[in-house]
Each structure stands twice: as C-alpha cells, then as structure tokens.
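Peer 1: Its first residue numbered 458, the sequence shown is counted upward by one per residue in the numbering used here. Ideal placement from N, C-alpha and C gives every residue a C-beta, glycine not left out.
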Amino acid sequence: MPAQIIDGKRIAQQCRQRIAERVARWTAETSVRPHLAAVLVGDDPASAVYVRNKRRACEQVGIRSSLHSLDAATTTERLLELIDRLNADADVHGILVQLPLPSQIDTQRVLDAVHPLKDVDAFHPENVGLLAQGRPRYLPCTPHGILQLLRHCELPTAGRHAVILGRSDIVGKPAALLLLQKGEFGDATVTVCHSRTRDVATITRQADLLIAAIGRPRFVTVEMVRPGAVVIDVGINRVDGQLVGDVDFEAVREVASAITPVPGGVGPMTVTMLLHNTLQAAQTLAGQRTAGPP
Ligand code: GUN
458 MPAQIIDGKR
468 IAQQCRQRIA
478 ERVARWTAET
488 SVRPHLAAVL
498 VGDDPASAVY
508 VRNKRRACEQ
518 VGIRSSLHSL
528 DAATTTERLL
538 ELIDRLNADA
548 DVHGILVQLP
558 LPSQIDTQRV
568 LDAVHPLKDV
578 DAFHPENVGL
588 LAQGRPRYLP
598 CTPHGILQLL
608 RHCELPTAGR
618 HAVILGRSDI
628 VGKPAALLLL
638 QKGEFGDATV
648 TVCHSRTRDV
658 ATITRQADLL
668 IAAIGRPRFV
678 TVEMVRPGAV
688 VIDVGINRVD
698 GQLVGDVDFE
708 AVREVASAIT
718 PVPGGVGPMT
728 VTMLLHNTLQ
738 AAQTLAGQRT
748 AGPP
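Next comes the structure, spelled out in structure tokens:
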C-alpha cells in the first residue's frame, strides 16, 4: 500500500491558526505585538525568498516583522553592530540572521552575538547547550517542525530507531538531540550518518524513522528504505528549475508507511515553528521586564 502523504502545508496552517489566536490574545492583554527582526546579508535569491516567506507568515499570524538588509560586501564588524542594536532594542523580540552568510563573514561570531533570549533559531551556544542537557529554552525550528508533523500524524518515536542523514548544526545534530530526549516524541534510538559513514544503506535500512537532511537530490533510493518506515525529507534542491528533496519520492512512497513531500512537507513547518518561537521570545522578554531588574 502506498505511503500516507504527510501534508505539511495543511498541518502548518492549523498550527498557524492556533498561533494567531495566541498572538491576538497576548497582544490584547499586554498591548505588545511580538516583533521578529530578519537580517538578510547579500543578494542570494533563495535566501531572499526564504526571508520573504518568513515575513509573510509573521504578518499572517499578527507578528510584526522588520527587514534589515545589508549588502554582500558587509564586514563581520558592521553586522555585529546591527546585531548589537537589535539586541538593545526593547521592541525587538526575535532576531533571525538568514544563513548562509557571505564567506567573508565570521558566521559563528555573529550567531554567538545574538542575545540568547532573542535567538528564535536556537543557534546560540547557550540555547544549544540547554537543548543538549534536556532543558531547552527554544526548540530549533526544523527539528521541532518534524516532531510536530509526527505528533499530528500520530507516528510515535519512543523505542523506534531514528536514522538521520546529515550532521548539520541546523537540522541533523539538533534533530538527534530532540529525538533522544526523554518523553513523548523523544525516547528514540538515534543514529546519525554523514559523508564519512560507511555503508549508509545498511544503516538506513534499519530505520523505523528516516530523516534525510543532506542536500543531495534524490539521494535516498527505494533500496535504502525498510518497508513500513516513516520517511521525512528535509532536502530542498533545485534540479532543472524544479524543487526536489533528498528522497526519491515517487519510488520511496511505494514502500514507506508515511512520507513528507517536497515542497509542502517540512518547509512550512519550519517557518511555523519560527512564529511559535517569536511569540515565546516576546513572552519570555516581557516576563523578564515585568519582573524588574535582578
Ligand atoms: N538557512 C537555512 N535554514 C535556515 C534556518 O532555519 N534559519 C536561518 N536563520 N537560516 C537558514
């Protein structure tokens, strides 16, 4: 039987509806509108599209967004000055620095400079550390979006073997940490494969849950998937003007029990979790402020 198609677009719309209600309620109570500052450096067309989509999604749920564009030749110092300004601006609750940054910029220094409470991507070492210790402040957007898809589709992870392809700081590593956590939609046995892993297919064939996040079009073939596995495709690759994932969707859907499409799978959920984090950041900062100085 062909796989259940996990409709990320529909699930994201449902989540955004609930976030919009929470934003409206909180704004009515406090007269504060959550505000996401998006930082875009350079003129990478894909990044510009991602940022536009994120800002549009903000407006949809009542979150204010502002765009801070810097030219491609910007230095690390200039970008750090902007981050400092946004950190100090009490009207800004979340800061999103769209990646990748141009090669002359020290990305780590920039991400480290974002105030940890405004770090809605959960890239700051303090937030990564809290996640690793099992007491997360903000959940990283893509891995959180994946867990929400699994929750909506009632696909539990406890005791299952989750195999993650890719060890990036944005997806692979934090997804492994989340799936390892104790509790619902954690408690998985996790294997992370990467470019130096030997005999990847032998490992992926053991997966109950296979998450592909390597950025290689149609890398996961049907031979790599155990019949009945749940397959989550994080890849967004452009091939001949078409968007394709890291999974050979048409073949793999015939053996998997559930699978995400590209587009319309994980992508809309990543943006939705960013909205969730921005509201949470606004509430956290407001709580700090009303609590007064330490
Ligand atoms: N570039 C690709 N994915 C992401 C993401 O989740 N956040 C940011 N800031 N940049 C990205």
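#1: Using the Cβ count rule (16 or more neighbours within 10 Å means buried), how would you classify T487?
#2: Measuring straight from C-alpha to C-alpha, what distance separates G749 and L742?
#3: Are the segment 694-710 and the segment 665-673 touching by the rule of at least three beta carbon pairs closer than 8 Å?
#4: Going by C-alpha distance, which of D501, A713, A514, T614 is nearest L556?
#5: Would you kindly work out how many angstroms separate the C-alpha atoms of R509 and D546, rounded to a whole number?
#6: Determine the closest residue to R710 out of V728, R683, F642, T614, with distance taken between C-alpha atoms.
#7: What are the start and end residues of the beta strand (DSSP E) that includes I552?
#8: In angstroms with no decimal places, state the Cα-to-Cα distance between K575 and Y595.
#9: Which residue wins for smallest C-alpha separation from D644, given the options G616, E534, Q737?
#10: Express the C-alpha separation of H492 and T484 in angstroms, rounding to a whole number.
#11: Would you kindly report the start and end of the unbroken alpha helix (DSSP H) that includes I468?
#12: Can you give the Cα-Cα distance for G586 and Q638, rounded to whole angstroms?
#13: If we ignore side chains and look at the alpha-carbon of each, how far apart do R467 and Q474 end up?
#14: Assuming L568 is part of the alpha helix (DSSP H), what are its boundary residues?
#15: The ligand GUN and C598: does the residue's C-beta get closer than 6 Å to at least one heavy atom of that ligand?
#16: Is the beta carbon of V628 sitting closer than 7 Å to the one on V691?
#17: For the ligand GUN, any of its heavy atoms closer than 6 Å to the Cβ of Q555?
#18: Would the beta-carbon of V518 fall within 7 Å of that of L732?
Peer 2: Looking at the coordinates:
#1: Translated into the one-based positions of the sequence shown, residue 487 becomes position 30. An exposed status is given to T487, since fewer than 16 other beta-carbon atoms sit within 10 Å of its beta-carbon.
#2: Counting from one through the sequence shown, the residue named residue 749 turns up at place 292. Counting from one through the sequence shown, the residue named residue 742 turns up at place 285. Here G749 scores only 40 on pLDDT, less than 50, and its place in the model should not be relied on; the value that follows carries that caveat. Whole-angstrom Cα-Cα distance: 11 Å.
#3: The segment 665-673 and the segment 694-710 touch, with three or more beta-carbon pairs separated by less than 8 Å.
#4: Counted from its first residue, the sequence shown places residue 556 at position 99. Out of D501, A713, A514, T614, D501 has the C-alpha closest to the C-alpha of L556.
#5: Taking the sequence shown and counting its residues from 1, the one referred to as residue 509 is at position 52. Taking the sequence shown and counting its residues from 1, the one referred to as residue 546 is at position 89. Taking the straight line from one Cα to the other gives about 22 Å.
#6: Here residue 710 is taken as the residue at index 253 of the sequence shown, counted from 1. Per the Cα distances, R683.
#7: Position 95 of the sequence shown, counting from 1, holds the residue named residue 552. Per DSSP, I552 belongs to the beta strand (DSSP E) from 551-554.
#8: Mapped onto the sequence shown, residue 575 falls at position 118. Mapped onto the sequence shown, residue 595 falls at position 138. Approximately 10 Å between the Cα atoms of the pair.
#9: Sequence index remark: in the sequence shown, residue 644 carries index 187 (1-based). Checking every option, the nearest Cα to that of D644 belongs to G616.
#10: In the sequence shown, residue 484 corresponds to position 27, counting from 1. In the sequence shown, residue 492 corresponds to position 35, counting from 1. Whole-angstrom Cα-Cα distance: 11 Å.
#11: In the sequence shown, the residue the question calls residue 468 occupies position 11. For I468, the uninterrupted alpha helix (DSSP H) segment begins and ends at 465-487.
#12: Within the sequence shown, numbered from 1, the residue matching residue 586 stands at position 129. Within the sequence shown, numbered from 1, the residue matching residue 638 stands at position 181. Distance between the alpha carbons of G586 and Q638 is about 13 Å.
#13: Numbered from its first residue, the sequence shown carries residue 467 at position 10. Numbered from its first residue, the sequence shown carries residue 474 at position 17. Rounded to the nearest whole angstrom, the CA to CA distance from R467 to Q474 is 11 Å.
#14: Mapped onto the sequence shown, residue 568 falls at position 111. Per DSSP, L568 belongs to the alpha helix (DSSP H) from 564-570.
#15: Translated into the one-based positions of the sequence shown, residue 598 becomes position 141. At least one heavy atom of the ligand GUN is nearer than 6 Å to the Cβ of C598, so yes.
#16: The sequence position of residue 628 within the sequence shown is 171, counting from 1. The sequence position of residue 691 within the sequence shown is 234, counting from 1. Their beta carbons are under 7 Å apart, which means V628 touches V691 by this criterion.
#17: Translated into the one-based positions of the sequence shown, residue 555 becomes position 98. The beta carbon of Q555 sits closer than 6 Å to at least one heavy atom of the ligand GUN.
#18: Here residue 518 is taken as the residue at index 61 of the sequence shown, counted from 1. Here residue 732 is taken as the residue at index 275 of the sequence shown, counted from 1. Contact flag set, yes.
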